[in-house]
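Residue numbers (UniProt numbering), protein chains in the order written: chain A, 1 to 793; chain B, 1 to 356.
We put the CB at the ideal spot given by N, CA and C, even for glycine.
Please read these numbers as outputs of a predicted model, since none were measured by experiment.
See below for the structure under consideration.
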């Protein structure tokens, strides 16, 4: 019989252990690799969009006429690396925008040549298929294009291509020009700003900034780190669980190994075989987990992609199966986890008797407060670090420190609670119950800590997400005072359009909102300009402001959003200097408004203070109407000047905003739920095994006359009490976590903070879940009385 | 099948320095059937200046200039080789519906510019769609351009070439030697024994003055060059792999253009231009052209030394490439490098090799 067979025989006798180990490893690998695959892809996308960043200019004619193909040729012949872009908008709701580019000159723009291989491939394809008109885009956009059924559109081949931004189709500029009559076309000639360092523009042209090329904020990295942290939590929980299984099996296996040593097997050989076992487990768990993780990632990819593009403007998330490196990395991580878990076994003989003594001590009584000192110290240091930390990773490390400290304290706390109950209990059976539960707590220490972590994460994340949702909903209510929201679909003159909109039937208020980009120091910020006198702004929520901020704004000053205030440490009364186009301005901050939904910093100014040449100037309108249900949906068809514009009512806008955030947090919730399920399942599995160990104690009581049925009930109650108490004790940890999330992680990841709300209703649900886990564990035992356990007595 | 030719060639020519495509694929595009385009045939004649302009009924044509230059700087005696080529590739056979500028997909222009020194070769390419005015050719006054690169008439019997890239630049004053040298049968240059070929004429050139800029240093230059004008839709037969082409300028004022097309049976053709500008098509029996030595280069072994005999003209020449590697990279790679001529007469010129 080979050594391997002896090792295998342990798991043959305890198949539950093997199944538990594999299940935990697979789940952990699935969560970790799934999240890593998404965040890794997103990091690549961020790197790509960063590579594609360059300050970009739009060339315009000094005489104000629109540029055309002659202007393009003139600029090219002046030696400028200019490239045209013809955007065609079609007058149908949700119709994708057609972007025509010139593949022969596209490489001038880093956007198309800066290391986005998918997009570069698409451009090569456009060039190769010049004689067979081709539209490239995502499956969804191509489907919407087909629905448009434009005349002659059937002649164009449609092909799915990665790297094309959502909502757009990419085509050769000649193809776009052929389709332009069916929609509204806008030609732009783009130029990297660096070109003008070596050559000058021919007379008759000037440029305006099309894109400042500022790096996407570190916010997106923070967001990804957030997810990685959740993945790491799953791994931590798994590590604890795996270690608990090994520690549990330690005594059983130590005996086997001792016998093998006595039979002459070298210790080094035993270690080798044990290491092989560790690797095999990691290999199987890692492989299956990575495979499942790939499926998890593709299931979550939609929402994730939306979050990235909607919240952080990061596009082009590549779809691909998990790479060999991911798999190898996962197996290595799991090998380390399992290796750590089986350290006691690996160290066999080295510690010799000491190891056994230590093991005995673990089961025995400790000095009351000695064991608490280290965790308390850990908590104190971590808490101090947490309060001082501003970097997100430091927040995570400090939070992990707090969690670990609390996790180490929790079983002791539970033990002491039960000891106190034991001392005070008058009835012998109750005293026995308390002692029995203390034994359970000791034996199930690690899985209980894992469960505590999972509970804390669930409570914390739920408070953050629900808190956000209610805050966001209230904020939207206050912010969306208009009835209709109009996007003209093209740059328009706000004064001219305001007049025309006012003449529409039933419209009583019109608020133009001019958006653009400005520079605050070296940072690019959004600029929003409104008419401060508009009644539609009256209920805007301010976090801090001078009295009557709207009246003050019409005189002087600037309002900033929370994101900008946080990032630039701005308070009411601070002077800021910013540049709008070519115009430098200095104004003092007169208010800070909440602006949930995106991470960009924003300046709010009266519309008169914003120059016409504001980079990226674009106007939308908010309308107050007498009857929001009247026929506004037909306006674009009735009024030709409204063709191509998009009207939405308040309800539609709210729904869109809420859907957006539901998607953003969906992933967080999903990961959290899965971690909780993992911890619960593992605890249930181990509980069953542990109870089997305790069968002797129950059987003895049965022999002394306690009825079988009562013992069974008692067992279930023990189990429920331990898990229930654990749930209650873990709740403060969850509250602490939610505080970290809303006050620390959120400002770092999204730029805004949220008030801390507590949701006792949800705690109750969690506690019930804990009780349920306990009940299931107890119920799985069926009959705690087995007379054969007394065989050796 | 109809579209494979031009588009394949286009992609190959445009593909920068990527993975080299197979030799068969790259040169194969030159032997695709005309597919709706006109084909150059014997009997087609050359009419000037009209034929300096583009031929939109044909699929592929080029304006091809090479020059051997010597610096006039007192302190140095530098030699340079210059190549500038503008290609026009028809996506659709002309004539086109309108000549108004617009975004169209009827033809593609691309240009190759190279500057060579012994042991050194620099190359840059540009491309453009037709129809925008970004690139084009006008017959009168002759102008060929893409972006700010331009070759064109600069007064009576004078041309000017201006090329500027990140890496190098040159501005040359050229004097084409009239009349044009019509190759083959009054301009129809056969490329195989079984028919097929291109319309082909040339101007030997004198580079009266010029300036070459390399690594920030400027050199005043003079020299001699050769301008080719060629158009057709199918240049090669399916069994032909590529060509070796030479344009030589001898010290006695004569010029020689010769090529060998490698196929199942090699095909030879040539033209001898006398010092007074009169040209004579050489019958394949009148000369012999054979490789003498090869060089290992990054794309394999290529013949870099040739023995050229034209007994009837008293020429017994040894043509030798400059040291170095003169590949113009890309999938449709070709060798375009200066040569020196020794033997019975001294001289200089250019060697072009494709299909290796």
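Proximity of chain A to residue 84(B) at the Cβ level (cut-off 7 Å) is not reached, the minimal Cβ distance being about 16 Å.
In this structure, residue 177(A) and residue 100(A) form a Cβ contact; the two beta carbons are roughly 6 Å apart against a cut-off of 8 Å. Taken atom to atom, the span from the alpha-carbon of residue 205(B) to that of residue 227(B) is near 7 Å. By alpha-carbon distance to residue 68(B), the top candidate from 190(B), 178(B), 348(B) is 348(B). Approximately 3 Å separates the beta-carbon atoms of residue 33(A) and residue 293(A); this is inside 8 Å, confirming the contact. Residue 607(A) and residue 530(A) do touch by the CB rule: their CB atoms are close to 6 Å apart, below 8 Å. Between residue 575(A) and residue 525(A) a beta carbon distance of about 16 Å is seen, past the 8 Å cut, so the two are scored as non-contacting. Within the segment 150-184 of chain A, the complete beta strand (DSSP E) segments at least 3 residues long are 157-160, 168-172, listed from N- to C-terminus. At a Cβ-Cβ threshold of 9 Å, residue 308(B) and residue 288(B) count as neighbours. A direct Cα-to-Cα measurement between residue 672(A) and residue 519(A) gives close to 39 Å.
Inclusion of residue 781(A) and residue 245(A) in the CB contact set at 9 Å is not warranted, their separation being larger than that value. Its Cα nearest to that of residue 590(A), the residue 552(A) stands out among 647(A), 493(A), 552(A). Near chain A, meaning a CB-to-CB distance below 9 Å, the residues of the segment 164-192 of chain B are 164.
Residue 106(B) has its alpha-carbon roughly 5 Å from the corresponding atom of residue 92(B). Going by beta carbons, residue 610(A) and residue 534(A) fall outside the 9 Å limit. For residue 99(A), the pairing in a beta bridge is given by DSSP as 87(A), 170(A).
Distances from the alpha-carbon of residue 228(A) to those of 96(A), 35(A), 636(A), 428(A) put 35(A) closest.
In the DSSP assignment, residue 484(A) falls within the unbroken beta strand (DSSP E) covering 484-487. If the five residues before and after residue 189(A) are omitted, its C-beta is found closer than 6 Å to the C-beta atoms of 59, 67, 72, 82, 84, all from its own chain and listed in chain order.
Within the UniProt domain "ABC3 transporter permease C-terminal" (673-780) of chain A, the runs of alpha helix (DSSP H) that reach at least 4 residues and sit entirely inside it are, in chain order, 695-703, 708-739, 746-749, 760-780. Between residue 213(B) and the set 280(B), 185(B), 165(B), the nearest pair of CA atoms involves 165(B). Judged by beta-carbon spacing, residue 191(A) lies within the 9 Å limit of residue 108(A), meaning their Cβ atoms are closer than that value. With a beta-carbon spacing of about 22 Å, residue 403(A) and residue 468(A) fall beyond the 8 Å limit used to define contacts.
Taking 7 Å as the cut-off between beta carbons, the residues of the segment 62-84 of chain A near chain B are 69, 70, 72, 73, 76, 77, 78, 79, in sequence order. Less than 9 Å separates the beta-carbon of residue 260(B) from that of residue 245(B). The three-state reading of DSSP puts residue 125(B) in strand, counting E and B together. Assignment of residue 68(A) by DSSP, reduced to helix, strand and coil, places it in the coil class. Secondary structure within the segment 145-178 of chain B: the beta strand (DSSP E) runs of 3 or more consecutive residues, fully enclosed, are 149-153, 159-164, 168-176 (chain order). Along the segment 133-149 of chain B, the positions whose C-beta sits under 8 Å from a C-beta of chain A are 133, 134, 145, 147, 148, read in chain order.
Residue 7(A): member of the alpha helix (DSSP H) spanning 3-13, first to last residue. For residue 273(B), the closest Cβ of chain A is not nearer than 9 Å. Of the residues 427(A), 732(A), 237(A), 378(A), the one whose Cα lies closest to the Cα of residue 679(A) is 237(A). A residue is called buried once 16 or more other Cβ atoms fall within 10 Å of its Cβ, and residue 146(B) is buried on that count. Close to residue 91(B), with beta-carbon spacing below 7 Å, are these residues of chain A in chain order: 130, 131. Interface criterion not met: the Cβ of residue 156(B) is under 9 Å from no Cβ in chain A. Residue 128(B) reaches chain A at 76, 104, 105, counting residues in chain order whose Cβ is nearer than 8 Å.
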